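Student:
Protein chains: 6
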Amino acid sequence: MPPARLTRVIRFSAAHRYHRPEWSAEENARVFGLCARDHGHGHNYRCAVTVSGPIGADTGMVMNLAELDALLATEVREPLDHRHLNHAVPEFAYGREIPTAEALAAYVWRRLAPRLPAGVRLAAVRIEEDDDLFAEYLGES
Amino acid sequence: MPPARLTRVIRFSAAHRYHRPEWSAEENARVFGLCARDHGHGHNYRCAVTVSGPIGADTGMVMNLAELDALLATEVREPLDHRHLNHAVPEFAYGREIPTAEALAAYVWRRLAPRLPAGVRLAAVRIEEDDDLFAEYLGES
Amino acid sequence: MPPARLTRVIRFSAAHRYHRPEWSAEENARVFGLCARDHGHGHNYRCAVTVSGPIGADTGMVMNLAELDALLATEVREPLDHRHLNHAVPEFAYGREIPTAEALAAYVWRRLAPRLPAGVRLAAVRIEEDDDLFAEYLGES
Amino acid sequence: MPPARLTRVIRFSAAHRYHRPEWSAEENARVFGLCARDHGHGHNYRCAVTVSGPIGADTGMVMNLAELDALLATEVREPLDHRHLNHAVPEFAYGREIPTAEALAAYVWRRLAPRLPAGVRLAAVRIEEDDDLFAEYLGES
Amino acid sequence: MPPARLTRVIRFSAAHRYHRPEWSAEENARVFGLCARDHGHGHNYRCAVTVSGPIGADTGMVMNLAELDALLATEVREPLDHRHLNHAVPEFAYGREIPTAEALAAYVWRRLAPRLPAGVRLAAVRIEEDDDLFAEYLGES
Amino acid sequence: MPPARLTRVIRFSAAHRYHRPEWSAEENARVFGLCARDHGHGHNYRCAVTVSGPIGADTGMVMNLAELDALLATEVREPLDHRHLNHAVPEFAYGREIPTAEALAAYVWRRLAPRLPAGVRLAAVRIEEDDDLFAEYLGES
Chain B
1 MPPARLTRVI RFSAAHRYHR PEWSAEENAR VFGLCARDHG HGHNYRCAVT VSGPIGADTG
61 MVMNLAELDA LLATEVREPL DHRHLNHAVP EFAYGREIPT AEALAAYVWR RLAPRLPAGV
121 RLAAVRIEED DDLFAEYLGE S
Chain S
1001 MPPARLTRVI RFSAAHRYHR PEWSAEENAR VFGLCARDHG HGHNYRCAVT VSGPIGADTG
1061 MVMNLAELDA LLATEVREPL DHRHLNHAVP EFAYGREIPT AEALAAYVWR RLAPRLPAGV
1121 RLAAVRIEED DDLFAEYLGE S
Chain Y
2001 MPPARLTRVI RFSAAHRYHR PEWSAEENAR VFGLCARDHG HGHNYRCAVT VSGPIGADTG
2061 MVMNLAELDA LLATEVREPL DHRHLNHAVP EFAYGREIPT AEALAAYVWR RLAPRLPAGV
2121 RLAAVRIEED DDLFAEYLGE S
Chain P
3001 MPPARLTRVI RFSAAHRYHR PEWSAEENAR VFGLCARDHG HGHNYRCAVT VSGPIGADTG
3061 MVMNLAELDA LLATEVREPL DHRHLNHAVP EFAYGREIPT AEALAAYVWR RLAPRLPAGV
3121 RLAAVRIEED DDLFAEYLGE S
Chain C
4001 MPPARLTRVI RFSAAHRYHR PEWSAEENAR VFGLCARDHG HGHNYRCAVT VSGPIGADTG
4061 MVMNLAELDA LLATEVREPL DHRHLNHAVP EFAYGREIPT AEALAAYVWR RLAPRLPAGV
4121 RLAAVRIEED DDLFAEYLGE S
Chain E
5001 MPPARLTRVI RFSAAHRYHR PEWSAEENAR VFGLCARDHG HGHNYRCAVT VSGPIGADTG
5061 MVMNLAELDA LLATEVREPL DHRHLNHAVP EFAYGREIPT AEALAAYVWR RLAPRLPAGV
5121 RLAAVRIEED DDLFAEYLGE S
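Protein chains in written order, with the numbering used here: chain B, 1 to 141; chain S, 1001 to 1141; chain Y, 2001 to 2141; chain P, 3001 to 3141; chain C, 4001 to 4141; chain E, 5001 to 5141.
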């Protein structure tokens, strides 16, 4: 049977701030706008993880959902939920990456891609910051 | 003019149960979790059907919407809405396919693909079981 | 400080069927339409529980959210989620109550009202069967 | 003509943390759970403001919408959007009020109630922290 | 059994324009902003009709849903869906009422209130113009 | 770093009518159904614009969001919001293109594609007419 795609959404609430310490306050405000404000602000994020593969003849599934949920709990919810991303995630510490939706999608990709079971491929990671702003990361091909 | 894509969503309410009669109750529960419970449970499904093709110069449409709606009524709503999928759909009878979102997307694809008008291609069928679980079927290429 | 209201939503997936065994099949279909079909169908329900009371000076809360969530898990999710309501809930067995949104709201009210902490009042229970059909129960005054 | 009600929703993104400095870390975690974590987390808030009054014969409106929007911009968006509430709002500084949805609804009420035009009454302020948690404040009667 | 409330949502797409012919173009623009522009604009409206009454012992319903749907089809969808309200609805002709959400809610109330079955009360009509603007009409008490 | 995708949604309210002046009223009604009615009707449109490119090392962004928002304001909101498309947009005047979701997506594509900064590619334009009807335009390849 040909590949199908399964998407699971996991939600998390986090704070973040866009700030480059090597830039002046004016430069930060010019590039990042309100996102540069002190102490940060926050979002209810939705993270949609898409895997692809054949549909299992016995299970009707691309991947066992309980197994996928367990992976998302340890690799997405645990490090990101109810966190201030700049403080809690080393990759997003001040001076390293800016915690945009794009960067978060790539971060989740790097954590999930090597942990999927054989025969299942990570097809996309989508981070929705709110109803009107999304980023997708599709891997390094 | 180059191809564009048009997506129409149709909703249906259905019950389903994940159960393999050749497996023990324990095995069913281990693989399918709460979905294995007796008599089933249910969802408000959203089925998003995407067709592609050129935009008609006279109509501005990839496919006439009334025609597409009529097809979705007979091929999706009629067999699936207000049904218990394991009892009402032969493909999902106990012992045959498990009525997952993936399997439902493939089922809808098989019904719609041969019935589209000339020049219109079925590009994707997406089944949303709830806000956080989707499956897509993209055909056998 | 005057009363405020706090609403918590809990979701569950269930199957149900509208059927009065003392009526003919024709009478059932005439009154209940597609909801009378054999074996039932299902929904993703949202249950919104509203409590009211003063805002705690120390906590800023009408009621501790973890405590409310624990109550909703045992009184709403446990008996209703991933269930066929006519089979799993004695009140909704064939010959007793029809498992409409109205009846479900009253069912949840009867379970929650006696279990709230002192000083917190149950103000409303709302059951949403889908995006376009809701019922509220406001208690017996 | 009799009173009607008009509700306008304004959105803002903010970070917050639940923390009482006079309590131990253990007590904070016991009462506030994940919301007590260092540096805070965040949400996409929706604030729904309901005003009531007669429908203007000339305008068909309870209150001029541009006027209401201007009020919400200065009294809700300006102090709360892209802010860390504990740091940016004096009422929610550590040691004062906990920035729950209930407390935010009362905060918005206190700012809006005295600024409405004659003949328009503030009927409710609702703060939605996410899709599943809301608080309403209905004033001191 | 005490009263409960049942809410049914019906959707319609319509165009409207805010324009008082006895005012100058400047005055129209000052009061109505972009809504005064020539030829109008439009919305996907949601109309939520709430009825209240006892829950029927046999049916579990405040009001038979098929009966309510039939009423909403003739009294709401038929006059309002796929219409330009200023042209198609006499009450909203230029020089009469402005077709705001408030005025539409009152219009629907006047059509539905006298047509409900005995024992069922119209409790509220809510018109949602978009996700962020609603009006409710609660009748003349 | 490999390409990622960023999607920004902009909303607008507009009226439209499907009508070919060279066809009879009967032919218009047969092809376009209710959309052919006099004076038009309307929608709350969502326009989702997807750009792709590498994630900027300094900014974490595929494209500066303020810059993208400014472009969407002048190229999408200004010509389309609070407009009657057949009257306000020359391409959709009667006798020219029918203002379907497909045609609107191509219209937005043609305006945006030549105006993106170097290194950023327009990947898709999606127009959502309501929750259940979308069109995507993916460019001429």
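For every residue, glycine included, the Cβ atom is placed at its ideal position computed from N, Cα and C.
Here the structure is a predicted model, which means the values were calculated and not measured.
Starting from Glu4027 of chain C and walking both ways along the alpha helix (DSSP H), at which residues does that stretch end?
Tutor: Counting from 1 along the fifth sequence, the entry for residue 4027 of chain C is found at position 27. Per DSSP, Glu4027 of chain C belongs to the alpha helix (DSSP H) from 4025-4032.
Student: With a cut-off of 7 Å, does the C-beta of Gly1040 of chain S fall near any C-beta of chain B?
Tutor: Sequence index remark: in the second sequence, residue 1040 of chain S carries index 40 (1-based). Gly1040 of chain S does not count as touching chain B.
Student: So if DSSP puts Pro3054 of chain P in a beta bridge, which residue, or which two residues, is it bridged to?
Tutor: Here residue 3054 of chain P refers to the residue found at position 54 of the fourth sequence. In DSSP, Pro3054 of chain P forms a bridge with P:Pro3003.
Student: Name, please, each residue of chain C whose Cβ falls closer than 8 Å to the Cβ of Asp2058 of chain Y.
Tutor: Counting from one through the third sequence, the residue named residue 2058 of chain Y turns up at place 58. Within chain C, no residue comes near Asp2058 of chain Y; the closest Cβ sits about 34 Å away, beyond 8 Å.
Student: With a threshold of 7 Å between beta carbons, is Ser5024 of chain E in contact with chain C?
Tutor: For the purposes of this step, residue 5024 of chain E is taken as the residue at position 24 of the sixth sequence. No, because no Cβ of chain C sits closer than 7 Å to the Cβ of Ser5024 of chain E.
Student: Along the chain, where does the beta strand (DSSP E) containing Tyr4018 of chain C start, and where does it finish?
Tutor: Taking the fifth sequence and counting its residues from 1, the one referred to as residue 4018 of chain C is at position 18. No beta strand (DSSP E) contains Tyr4018 of chain C, which DSSP labels as neither H nor E.
Student: Which runs of the beta strand (DSSP E) fall wholly inside the stretch 5038-5121 of chain E and span at least 3 residues, in chain order?
Tutor: You should have 5041-5054.
Student: Within the chosen definition, does the stretch 4065-4079 of chain C reach the stretch 4002-4011 of chain C through at least 3 CB pairs nearer than 8 Å?
Tutor: Contact between the stretch 4065-4079 of chain C and the stretch 4002-4011 of chain C is present, because at least three Cβ pairs lie under 8 Å.
Student: Give the single residue among Y:Asp2081, Y:Gly2056, Y:Tyr2018 whose Cα lies nearest to the Cα of Pro1988 of chain Y.
Tutor: No information on residue 1988 of chain Y is available, as it lies outside the stretch 2001 to 2141 that chain Y covers here.
Student: Leaving aside the five residues before and after Ala15 of chain B along the sequence, list all residues of the same chain whose C-beta is less than 6 Å from its C-beta, in chain order.
Tutor: Sequence index remark: in the first sequence, residue 15 of chain B carries index 15 (1-based). The answer, listed in chain order, is Gly40, Gly42, His84.
Student: When you compare each of P:Leu3138, P:His3019, P:Leu3006 to Arg3096 of chain P by their alpha carbons, which one comes out closest?
Tutor: Counting from one through the fourth sequence, the residue named residue 3096 of chain P turns up at place 96. It is P:His3019.
Student: Starting from the beta carbon of Leu3116 of chain P, find every residue of chain C whose beta carbon is closer than 9 Å, and list them in chain order.
Tutor: Here residue 3116 of chain P refers to the residue found at position 116 of the fourth sequence. Ordered by position in chain C, no residue passes the 9 Å Cβ test against Leu3116 of chain P, which lies about 16 Å from the chain.
Student: With distances taken between CB atoms, is the gap from Arg3062 of chain P to Leu3138 of chain P smaller than 7 Å?
Tutor: Sequence index remark: in the fourth sequence, residue 3062 of chain P carries index 62 (1-based). Sequence index remark: in the fourth sequence, residue 3138 of chain P carries index 138 (1-based). Inspection of the sequence shows that residue 3062 of chain P is occupied by Val rather than by Arg. Result no, Cβ atoms of Val3062 of chain P and Leu3138 of chain P do not sit closer than 7 Å.
Student: Quick one: is Met1 of chain B buried, meaning 16 or more other Cβ sit within 10 Å of its Cβ, or exposed?
Tutor: Against the first sequence, residue 1 of chain B aligns to sequence position 1. Note that Met1 of chain B scores 48 on pLDDT, short of 50, meaning its location in the model is unreliable and no value can be drawn from it.
Student: Report the residue from S:Glu1091, S:Leu1080, S:Ser1024, S:Leu1034 whose alpha carbon sits nearest the alpha carbon of Leu2034 of chain Y.
Tutor: Within the third sequence, numbered from 1, the residue matching residue 2034 of chain Y stands at position 34. Of the candidates S:Glu1091, S:Leu1080, S:Ser1024, S:Leu1034, the one whose C-alpha sits nearest the C-alpha of Leu2034 of chain Y is S:Leu1080.
Student: With burial defined as no fewer than 16 other Cβ atoms inside 10 Å of the residue's Cβ, what is the status of Arg115 of chain B: buried or exposed?
Tutor: Indexing the first sequence from 1 puts residue 115 of chain B at position 115. Counting Cβ neighbours within 10 Å, Arg115 of chain B comes out exposed, since fewer than 16 surround it.
Student: State the beta-bridge partners of Leu4133 of chain C as determined by DSSP.
Tutor: The residue labelled residue 4133 of chain C in the question sits at position 133 within the fifth sequence. Answer by DSSP bridge pairing, in chain order: P:Arg3008, C:Asp4130.
Student: Based on the DSSP output, what are the partners of Ala2188 of chain Y in its beta bridges?
Tutor: Because residue 2188 of chain Y is not part of the residues shown, which for chain Y are 2001 to 2141, the question remains open.
Student: Return the bridge partner residues of Ala4014 of chain C from the DSSP annotation.
Tutor: Here the question's residue 4014 of chain C lines up with position 14 in the fifth sequence. For Ala4014 of chain C, which the question treats as bridged, DSSP gives the partners C:His4043, C:Arg4083.
Student: With 7 Å set as the bound, which would you pick, yes or no: does the beta-carbon of Met1001 of chain S sit closer than that to a beta-carbon of chain Y?
Tutor: In the second sequence, residue 1001 of chain S corresponds to position 1, counting from 1. For Met1001 of chain S, the predicted model reports a pLDDT of 48, less than 50, meaning its position is unreliable; a value from the coordinates is still stated below. Not an interface residue.
Student: Please report the Cβ distance between Arg1046 of chain S and Glu1128 of chain S, rounded to the nearest whole angstrom; I am assuming they are in contact, meaning their Cβ atoms lie under 8 Å.
Tutor: Residue 1046 of chain S sits at position 46 when you count from the first residue of the second sequence. Residue 1128 of chain S sits at position 128 when you count from the first residue of the second sequence. Indeed, because the Cβ distance is near 4 Å, the residues count as touching under 8 Å.
Student: Kindly say whether His5019 of chain E, judged by its beta-carbon, lies nearer than 7 Å to any beta-carbon of chain C.
Tutor: Here residue 5019 of chain E refers to the residue found at position 19 of the sixth sequence. Cβ-Cβ to chain C under 7 Å: no for His5019 of chain E.
Student: Just tell me which of S:Gly1060, S:Phe1092, S:Ala1036, S:Gly1053 has its CA closest to the CA of Ala66 of chain B.
Tutor: Working through the first sequence from its first residue, we reach residue 66 of chain B at position 66. Minimum Cα distance to Ala66 of chain B is reached at S:Ala1036.
Student: Asp130 of chain B and Asn3044 of chain P look like a contact to me (Cβ under 8 Å); what is the Cβ gap, rounded to whole Å?
Tutor: Mapped onto the first sequence, residue 130 of chain B falls at position 130. Mapped onto the fourth sequence, residue 3044 of chain P falls at position 44. The Cβ separation is near 5 Å, so the contact holds.
Student: Any beta carbon of chain Y sitting closer than 7 Å to that of Leu4006 of chain C?
Tutor: By one-based count along the fifth sequence, residue 4006 of chain C stands at place 6. So yes, Leu4006 of chain C belongs to the interface.
Student: Please determine, among E:Leu5071, E:Ile5098, E:His5087, E:Gly5119, the residue with the shortest C-alpha to C-alpha distance to Glu5022 of chain E.
Tutor: Working through the sixth sequence from its first residue, we reach residue 5022 of chain E at position 22. Comparing Cα positions, the closest option is E:Ile5098.
Student: Excluding the 5 residues preceding and the 5 following Arg1017 of chain S in the sequence, name in chain order all residues of the same chain whose CB lies nearer than 6 Å to its CB.
Tutor: Locating residue 1017 of chain S in the second sequence gives position 17, where the first residue counts as 1. The residues are Gly1040, Asn1086.
Student: If you draw a straight line from the C-alpha of Pro5054 of chain E to the C-alpha of Gly53 of chain B, how long is it?
Tutor: Translated into the one-based positions of the sixth sequence, residue 5054 of chain E becomes position 54. Translated into the one-based positions of the first sequence, residue 53 of chain B becomes position 53. Each residue's alpha carbon lies about 27 Å from the other.
Student: Does chain E have any CB closer than 7 Å to the CB of Met1063 of chain S?
Tutor: Mapped onto the second sequence, residue 1063 of chain S falls at position 63. It does not; no Cβ of chain E falls within 7 Å.
Student: For Tyr107 of chain B and Arg126 of chain B, what's the separation of their Cα atoms in angstroms?
Tutor: On the first sequence, position 107 is the one that residue 107 of chain B refers to. On the first sequence, position 126 is the one that residue 126 of chain B refers to. Between Tyr107 of chain B and Arg126 of chain B, the C-alpha separation is close to 11 Å.
Student: Within the same chain, show all residues whose beta-carbon is closer than 7 Å to that of Leu3133 of chain P, passing over the 5 residues directly before and after it, in chain order.
Tutor: In the fourth sequence, counting from the first residue as 1, residue 3133 of chain P sits at position 133. The answer, listed in chain order, is Ala3101.
Student: List, in order along the chain, the chain A residues whose C-beta lies closer than 9 Å to that of Asp69 of chain B?
Tutor: Annotation note: the requested chain A is absent from the structure, which comprises protein chains B, S, Y, P, C and E.
Student: Compute the Euclidean distance between the alpha carbons of Pro4117 of chain C and Val2089 of chain Y, then round it to the nearest angstrom.
Tutor: Taking the first residue of the fifth sequence as position 1, residue 4117 of chain C is located at position 117. Taking the first residue of the third sequence as position 1, residue 2089 of chain Y is located at position 89. Computed Cα separation, rounded: 31 Å.
Student: Have a look at Ala1123 of chain S and Arg121 of chain B and give me their C-alpha separation to the nearest angstrom.
Tutor: Here residue 1123 of chain S corresponds to residue number 123 of the second sequence, with the count starting at 1. Here residue 121 of chain B corresponds to residue number 121 of the first sequence, with the count starting at 1. Whole-angstrom Cα-Cα distance: 21 Å.
Student: So is Gly119 of chain B buried or exposed if we call it buried at 16+ other beta carbons inside 10 Å?
Tutor: Start at 1 with the first residue of the first sequence, and residue 119 of chain B comes out as number 119. With fewer than 16 other Cβ atoms within 10 Å, it is exposed.
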